[in-house]
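Chemist: Mind looking over this structure? Questions follow.
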Amino acid sequence: MYRAGLNPEQAEAVVYLGGHLLVLAGAGSGKTRVLTCRIAHLLAERIVEPRRILAVTFTNKAAGEMKERVGRLSPADAERVRMGTFHSICAWILRREASSGGWPENFSIYDADDQKSLLRSLLRNTPIETKVTPGAAQTWISRWKNSMVDPGKAEDSAESDQEREIARLYAAYQSALRRNGAFDFDDLLTVVHGYIRQETDAGSRYSRMFGHILVDEYQDTNLVQRGILKSLGGPGSSVCAVGDDDQSIYGWRGARVSNILDFPEDFPGTRIIRLERNYRSTPAILAAASSLVSFNRGRHGKALWTERPAGEPVRARSLANPEDEAAWILKEVSDLSSRGVSPGRVAVLYRTNAQSRVFESAALLEGIPCQVIGSLRFYEREEIKDIVAWLRVLANPGDRISLARVLNKPPRGIGDKSKALFLAGLDASGADPSEFMKRAGRIPGLSRGSISSLEALGSFLAGASALAAGGAPAAEVVDAVLAGSGMLDALDPSTVEGSSRLENIDEFRRSANEYDSLHPGSGLAGFLTTISLMTTSDAYDSGADRLSLMTLHCAKGLEFDTVFIAGVEEGLIPFIRAGRFGPDDLEEERRLLYVGMTRAKDRLYLTWAERRARPGVTAGGVSRFVSEVSLDSGSTVPAPAAAVPDPVIGVPDTRFSRGNVIHHPRYGMGTVLKAVRRGGEWQLTIDFGMDEPKTLLTGYVPITIVREKGGFPVDAV
Ligand code: ATP
Ligand code: MG
């Protein structure tokens, strides 16, 4: 069943058991599907125990979907397969290894906000206090961590006094995290990497744990993830990675496309399988996207073909400004909807989150329901962060950042001075926070009001901690916090603000309940880990009948019947930041647009505004990429607003036949061995003088006839 409908290369990738395997293939060629079927095959043929299979996906959401699909193919065992992102798998390892690793089992996971408040406090009274923002420091530190540079090394290799100070801040930050019993996102990976690489029992336990490891989107892994995979994929395990070098879009975050190209070196004996048939997009869409990406150097050229009928041409459209652009797109969505294309199968993709607002307003005007993916607004709400902070204190009494956040929330008369006195005393005493609160009367300098508030908090905290430690369901602990912390009482349901916060809190309780029913026995710690690891892409609900609005980055791996890519403008795509933009950045931006275009199955639109006001940037006007999308340079004319009909990106009307001598921009000159018409295009088998002839579809890149040798008739289909 898991093999039904697969093409021969896919089937080979599914059943291959000869060792490590790399599937290097273009968008929509079924890489993710191959992974799913491969797991089902391993389970169905009982090749390895379910718990010895590890599948690594790019988002938690993708892991969930894979689990569901595998579950359909192999219902009994899917639950026992370990699936998740690198981060969630590392969090799991850290939990298991807490006692031997020497960190708390219920460590906190600090998000960007927590990191910044920690850095802000550490920056105080340093020579760089006024020169480096917490955000900038965080970026430096993250970059060091992702390149596996520790604080000592960072300081040694600093190239300026300022950099040396930031390196010292990095050292202070690491000790502060340790004191708080916390890891940041990067630490989840680096700490596990260091731990499982050791040549100890612990290290080797992990190198033998998984018999089969499968990794999706391998082109977007970083150096640390690559190292983790090398350790996990020790002797006796087979690693199967799938990816597409043309879709590497996280270089700015430390991902290295070289990881996928070096895979065969890291995993000796690797078999490489290429998939060339695209099942997702129409030839017109595929042609446009392939034409664009062919302008990148340093890529493994790929020939993709499809058997789908030609389909509608890709449309490009110029609008006067972002508001007109949004109105035009939503009008089109509404027209499509009246022609039977449900908004749930349509996406509007853009480069920056800030662009979503005009689309939301336009959707409201058109009466089209929509979902904005790409901001975790829910978990960023103040009231939600407050509950989470309380929960973290319960799970991890050492977490001072969270404790400091909620000590006077809702306001209970503990002023900044009392707060500082209390926290300093707590650190000096080494006592448990609830114990220390109950003894607040002994802290010199505290006001009477603060003392009684702290004492009351102490008994609440002690009770709630005991509940959590006893393994109560997460929802029960959440309720205890809501009641005991005074949060609920402090909200006034008769005000708009209060009732909206209460609604959010209700939603949070529901999510805790849901977690409990899906993960009985996991309790608070598991729930906290899950919500800490939520990323922006996890919010996408593919079942909802609503128009999806999201960034190009978020759309990775997804597919939609109709895709609009908005703001295809110079300055926006490619996104040009002042001062740092090189050829590599340009290529990554091109890949990003390629990822966006290849999400479309049936219809693709590119739109841009002639004018767009962005603070500090002059953007607007059609992107250089639009001209690269065209197949023959004459067919796309970036038109001034409304004056000219939508330019159409079509297929050049050339007739090919056997014997033609052609020129291909990547492979050079070749002779056509076979020419077959497929829909509006040609499938050509061409001898380029390489080991084997290549079969390509025209339209991805301009293939021109250099010499008509004539002679043989065309093979008609
Ligand atoms: P991306 O590079 O965008 O991640 P991918 O290579 O992972 O794409 P999939 O998402 O696995 O591709 O597949 C793309 C689409 O093609 C999906 O809708 C999938 O169900 C379909 N598909 C893949 N293989 C086949 C097949 N053999 N027969 C029919 N449909 C297929
Ligand atoms: Mg995929």
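For the sequence shown, the working numbering gives the first residue as 7, with consecutive numbering after it.
Just so it is clear, CB atoms sit at the ideal spot from N, CA and C, and this is done for glycine as well.
#1: Check whether the Cβ of G602 sits closer than 6 Å to any heavy atom of the ligand MG, and report yes or no.
#2: When the Cα atoms are used, what is the spatial distance from S114 to L473?
#3: Anything with a beta carbon under 7 Å from a heavy atom of the ligand MG counts; list them all in chain order.
#4: Give me the Cβ distance between E372 and L336, rounded to the nearest whole Å; I'm assuming they're in contact under 8 Å.
#5: Between the Cα of L194 and the Cα atoms of S213, A177, Q231, which residue gives the shortest distance?
#6: What separation, rounded to the nearest whole angstrom, lies between the Cα atoms of G25 and C96?
#7: Can you name the start and end residues of the alpha helix (DSSP H) that Q180 belongs to?
#8: Could you tell me whether any non-hydrogen atom of the ligand ATP is closer than 6 Å to the CB of S35?
#9: Can we say the stretch 254 to 261 touches the stretch 589 to 599, given the rule of at least three CB pairs closer than 8 Å?
#10: I need the DSSP call for F514, collapsed to helix, strand or coil.
#11: Could you spell out the range, first to last residue, of the alpha helix (DSSP H) harbouring W146?
#12: Starting from the Cα of A615, find the closest Cα among V632, D591, L298 and give me that residue.
#13: I need the DSSP call for G158, collapsed to helix, strand or coil.
#14: In whole angstroms, what is the alpha-carbon distance linking A19 and S517?
#15: Does H47 pass the burial test, meaning 16 or more other C-beta atoms within 10 Å, or should it be called exposed?
#16: Here's a check: name, in chain order, each residue in its chain whose Cβ is nearer than 8 Å to the Cβ of Q16, leaving out the five neighbours to either side.
#17: Could you name each continuous alpha helix (DSSP H) segment of 4 residues or more that falls completely within the stretch 205 to 265, going from the start of the chain to the end?
#18: Using the Cβ count rule (16 or more neighbours within 10 Å means buried), how would you classify T288?
#19: Below 6 Å, is the gap between the Cβ of Y285 and the nearest heavy atom of the ligand ATP?
#20: On the criterion of 16 or more Cβ atoms from any shown chain inside 10 Å, does I407 qualify as buried, or is it exposed?
#21: Terminal residues of the continuous alpha helix (DSSP H) containing G70?
#22: From the DSSP output, which residues share a beta bridge with V606?
#23: Alpha carbon to alpha carbon, how far is G563 from R249? Give it in angstroms, no decimals.
#24: Decide yes or no for the touch test of the stretch 147 to 157 against the stretch 215 to 235: beta carbon pairs closer than 8 Å, at least 3 of them.
#25: With DSSP collapsed to three states, give me the class of K700.
#26: Rounded C-beta distance between L610 and V483? I'm assuming under 8 Å.
#27: What three-state label does DSSP hand R351 in the structure shown?
#28: Could you name the residues of the same chain whose beta carbon sits closer than 7 Å to that of I45, not counting the 5 residues immediately before and after it, in chain order?
#29: Compute the Euclidean distance between the alpha carbons of L129 and P140, then round it to the nearest angstrom.
#30: Report buried or exposed for L703, applying the criterion of at least 16 other Cβ atoms within 10 angstroms of its Cβ.
#31: Which residue comes first and which comes last in the beta strand (DSSP E) that contains S324?
#32: If you count every other CB in all the chains shown that lies within 10 Å of the CB of Q204, and 16 or more means buried, which is it?
#33: Whole angstroms is fine: what's the gap from P328's alpha carbon to D438's?
#34: In angstroms, rounded to a whole number, what distance separates the CA positions of L555 and R321?
#35: Does the ligand ATP have even one heavy atom less than 6 Å from the beta-carbon of G11?
#36: Looking at C-alpha atoms only, which residue of K73, T604, P157, G275 is the closest neighbour of F196?
Modeler: In this structure, then:
#1: One-based indexing of the sequence shown puts residue 602 at position 596. No.
#2: Translated into the one-based positions of the sequence shown, residue 114 becomes position 108. Translated into the one-based positions of the sequence shown, residue 473 becomes position 467. Taking the straight line joining both Cα atoms gives about 18 Å.
#3: K37, T38, D222, E223, G563
#4: Here the question's residue 372 lines up with position 366 in the sequence shown. Here the question's residue 336 lines up with position 330 in the sequence shown. Indeed they touch by this definition, with Cβ atoms about 4 Å apart.
#5: Walking along the sequence shown from the start, residue 194 turns up at place 188. L194 has its Cα closest to that of Q231, out of S213, A177, Q231.
#6: Position 19 of the sequence shown, counting from 1, holds the residue named residue 25. Position 90 of the sequence shown, counting from 1, holds the residue named residue 96. Approximately 24 Å, taken between the alpha carbons.
#7: In the sequence shown, counting from the first residue as 1, residue 180 sits at position 174. First-last of the alpha helix (DSSP H) with Q180: 167 to 185.
#8: Along the sequence shown, one-based indexing puts residue 35 at 29. It does: the Cβ of S35 is within 6 Å (strictly closer) of some heavy atom of the ligand ATP.
#9: yes
#10: Working through the sequence shown from its first residue, we reach residue 514 at position 508. In this structure, F514 counts as helix in the three-state DSSP scheme.
#11: Translated into the one-based positions of the sequence shown, residue 146 becomes position 140. 140 to 152 is the extent of the alpha helix (DSSP H) around W146.
#12: Your numbering for residue 615 matches position 609 in the sequence shown. When each option's Cα is compared against that of A615, the closest is V632.
#13: For the purposes of this step, residue 158 is taken as the residue at position 152 of the sequence shown. Three-state result, G158: helix.
#14: Numbered from 1 along the sequence shown, position 13 holds the residue referred to as residue 19. Numbered from 1 along the sequence shown, position 511 holds the residue referred to as residue 517. When rounded, the distance between both Cα atoms is 38 Å.
#15: What you label residue 47 is simply residue 41 of the sequence shown in a count that begins at 1. Buried, since its Cβ has 16 or more Cβ neighbours within 10 Å.
#16: For the purposes of this step, residue 16 is taken as residue 10 along the sequence shown, with counting starting at 1. Excluding residues within five positions, the ones whose Cβ falls inside 8 Å are G36, R39, V40, C43, L281.
#17: 207 to 215, 229 to 238
#18: Counting from one through the sequence shown, the residue named residue 288 turns up at place 282. Burial call: buried.
#19: Reading the sequence shown from its first residue, position 279 is the one you call residue 285. Flag set: Cβ of Y285 near the ligand ATP.
#20: Counting from 1 along the sequence shown, the entry for residue 407 is found at position 401. So I407 ends up on the buried side.
#21: As a first step, residue 70 is located in the sequence shown; it is residue number 64 there, counting from the start. That run of the alpha helix (DSSP H) goes 66 to 79.
#22: If you number the sequence shown from 1, residue 606 lands on position 600. Before going further, note that residue 606 is Ala rather than Val in the sequence given. Paired residues: F566.
#23: Along the sequence shown, one-based indexing puts residue 249 at 243. Along the sequence shown, one-based indexing puts residue 563 at 557. The question names Arg, but residue 249 is Gly in the sequence shown. About 11 Å.
#24: yes
#25: Here residue 700 corresponds to residue number 694 of the sequence shown, with the count starting at 1. K700 falls in the strand class under three-state DSSP.
#26: Start at 1 with the first residue of the sequence shown, and residue 610 comes out as number 604. Start at 1 with the first residue of the sequence shown, and residue 483 comes out as number 477. No, L610 and V483 are not in contact; Cβ-Cβ is about 48 Å, not under 8 Å.
#27: As a first step, residue 351 must be located in the sequence shown, where it is residue number 345. In this structure, R351 counts as helix in the three-state DSSP scheme.
#28: In the sequence shown, the residue the question calls residue 45 occupies position 39. So the qualifying residues of the chain are I59, A61, V76, V87, L220.
#29: In the sequence shown, the residue the question calls residue 129 occupies position 123. In the sequence shown, the residue the question calls residue 140 occupies position 134. Those two C-alpha atoms are separated by around 8 Å.
#30: For the purposes of this step, residue 703 is taken as residue 697 along the sequence shown, with counting starting at 1. It is buried - the Cβ of L703 has at least 16 other Cβ atoms within 10 Å.
#31: Position 318 of the sequence shown, counting from 1, holds the residue named residue 324. Note, S324: beta strand (DSSP E), 320 to 325.
#32: In the sequence shown, counting from the first residue as 1, residue 204 sits at position 198. Counting Cβ neighbours within 10 Å, Q204 comes out exposed, since fewer than 16 surround it.
#33: Indexing the sequence shown from 1 puts residue 328 at position 322. Indexing the sequence shown from 1 puts residue 438 at position 432. Spanning the two alpha carbons is a distance of roughly 55 Å.
#34: Position 549 of the sequence shown, counted from the first residue, corresponds to residue 555. Position 315 of the sequence shown, counted from the first residue, corresponds to residue 321. Roughly 19 Å between the two C-alpha positions.
#35: Residue numbering aside, residue 11 sits at position 5 when the sequence shown is read from its first letter. Indeed, a heavy atom of the ligand ATP lies less than 6 Å from the Cβ.
#36: On the sequence shown, residue 196 is found 190 positions in, with the first residue counted as 1. The amino acid occupying residue 196 in the given sequence is Thr; Phe does not appear at that position. With distances taken between Cα atoms, T196 lies closest to P157.
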